[in-house]
Amino acid sequence: MKKIFSTGLNLDAREISTMNKRTNSGREESMSAQSRKANAPSRELLEKLFKTAFKIRVFETEGIKLYRQGLIRGYFHPYLGQEGIATGVCAALRDGDYIASTHRGHGHCIAWGASINKMVAELLQKDTGYCRGYGGSMHIADIKAGNLGANGIVGAGTPLGVGAALAAQIKGSDAVTVTFTTDGAANNGTFLESLNLAAIWNLAFVLVVENNQYAVSTRIEESTREVDLYKRGLAIGVESHQVDGNDPLAVYNMTKEAVEKCRRGEGPILIEAKTYRHMGHHVNDPGKYMPADRLAYYKERDPVDRARNALIEMSGIDQSEIEAIESEIRQEFENAIEFSKASGEVTIADFREFAAAY
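Residue numbers (this note's numbering): 5 to 362.
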């Protein structure tokens with residue numbers, strides 16, 4: 005079974021033109037707007053989705069600047085363009101659930117409710133970071149909060165997530181575990197091996213494939229004949245769906261349904277979220293292999309803009325309130341930079357003690 009979820013809130017110029025031609029003095033358009041408003045989600049949810057998506061966008065945009073200043077060592081893989089997925093998925097979860105992440109994991113951490121102070125400090129290799137600076141950009145984790153961590157090994161988060169889901173089942177808990185993975189990782193053996201185990205054990209496990217259509221610089225069409233990756237779950241009897249990953253509300257609705265089924269013992273479930281990066285694989289990759297027209301197509305459907313538009317159109321919030329939200333989030337990041345710069349780094353003695361333990 006396949007479902008393609010999209011709230012369709014951000015119409016492009018051609019779609020608007022076509023719709024206007026079909027209307028009779030604007031009556032159909034007005035009825036559609038009234039219908040959307042009548043069935044609108046709560047303002048609280050819409051505001052949460054926008055705040056989260058915008059916070060991820062600011063974190064990644066400003067993080068790139070810190071990298072350019074030489075304050076971040078190692079790789080930095082921005083989540084720009086994919087914010088709608090982490091935002092929608094994590095909004096559908098609750099305390100006590102678990103997430104497992106990828107090398108492109110900042111957005112997952114933030115959507116899960118991570119402290120921006122600790123996030124920035126970890127990127128800057130400071131002692132006040134989530135992992136005392138040992139993890140850096142690709143290995144942020146907060147086990148106590150149910151964040152099993154980002155992972156620099158492609159596909160490695162999937163078996164970790166299945167393990168957490170199995171542990172929850174053994175304990176008699178209704179906790180749901182979500183693993184974020186990638187289109188590139190879908191060709192890794194751990195993908196089907198782990199999902200198959202989750203299936204035969206009926207685990208409360210949701211596998212979210214963030215299909216940004218590139219494994220580093222390799223187009224998905226060059227790595228698999230079947231580019232609709234949700235079908236891989238169908239092949240082993242797993243309920244699987246496809247969703248517009250650039251639509252935070254659609255992702256939320258899809259995940260909410262999946263999570264509810266998992267809590268009833270009807271898991272696992274696979275969700276493929278179609279999206280597109282706004283830049284290359286990492287901060288030093290110019291992404292010249294990405295077709296300009298394809299990139300423009302997805303930027304017109306920017307997930308942050310869609311979250312903002314949904315909040316405005318469906319809740320009646322005014323522009324001054326939007327600006328206040330954005331200003332507050334930007335200030336939070338500025339404060340985090342100051343906090344991190346003022347923090348110390350782990351001493352050589354501490355590092356040697358840490359290394360000796362492993």
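Glycine included, C-beta positions come from ideal geometry on N, C-alpha and C.
Residue i classed as buried or exposed, judged by whether at least 16 other C-beta atoms fall within 10 angstroms
i	result
Tyr256	buried
Pro272	buried
Gln38	The predicted position of Gln38 is uncertain, since its pLDDT is 49 and thus under 50; a value taken from the coordinates is nonetheless stated next. Exposed, because fewer than 16 other Cβ atoms sit within 10 Å of the Cβ of Gln38.
Phe195	buried
Ser119	buried
Ile352	exposed
Asp187	buried
Ala360	exposed
Gln73	exposed
Gln335	exposed
Arg61	buried
Val220	exposed
Ile333	buried
Arg310	buried
Ile76	buried
Glu342	exposed
Lys52	buried
Lys175	exposed
Gly241	exposed
Lys148	exposed
Pro295	exposed
Asp354	exposed
Ile144	buried
Gly159	buried
Ala346	exposed
Coarse secondary structure for residue i, derived from DSSP in three states
i	result
Ala145	coil
Thr351	coil
Ala328	helix
Arg108	coil
Glu64	helix
Ala44	coil
Ala359	helix
Bounding residues of the alpha helix (DSSP H) (the contiguous stretch that carries residue i)
i	result
Tyr79	Premise fails: Tyr79 is in no alpha helix (DSSP H) and is neither H nor E.
Glu317	Pro307 to Ser319
Ile224	Counting along the chain, Ile224 falls outside any alpha helix (DSSP H), and DSSP gives it neither H nor E.
Ala95	Glu87 to Ala95
Inter-residue CB distance, residue i and residue j (contact presumed, cutoff 8 Å)
i	j	result
Glu276	Val213	5 Å
Asn250	Arg305	5 Å
Glu87	Gly111	6 Å
Val263	Val180	5 Å
Gly140	Asp131	With 8 Å as the limit, Gly140 and Asp131 do not qualify as a contact, their Cβ atoms being about 13 Å apart.
Ala172	Ala203	Rounded, the Cβ-Cβ distance is 16 Å, inconsistent with contact.
Leu84	Arg312	About 16 Å separates the two Cβ atoms, so there is no contact after all.
Val287	Ile68	6 Å
Gly237	Leu274	3 Å
Asn155	Ser198	Contact flag wrong, Cβ pair sits at about 13 Å.
Tyr71	Phe80	5 Å
Gly78	Gly150	That pair is no contact at about 25 Å.
Ser244	Lys235	7 Å
heavy atom of the ligand FAD below 6 Å from residue i C-beta
i	result
Gln323	The ligand FAD is not among the ligands present in this structure, which contains no ligands whatsoever.
First and last residue of the uninterrupted beta strand (DSSP E) at residue i
i	result
Ala104	Tyr102 to Ala104
Asn215	Phe209 to Asn215
Problem set entry | Length at least 4, wholly inside the stretch 228–299: the alpha helix (DSSP H) runs in chain order | 235–238 and 252–267
For this session: With a floor of 4 residues, list each alpha helix (DSSP H) that falls wholly inside the stretch 115–195, ordered by position along the chain.
Result: 120–127 and 161–175
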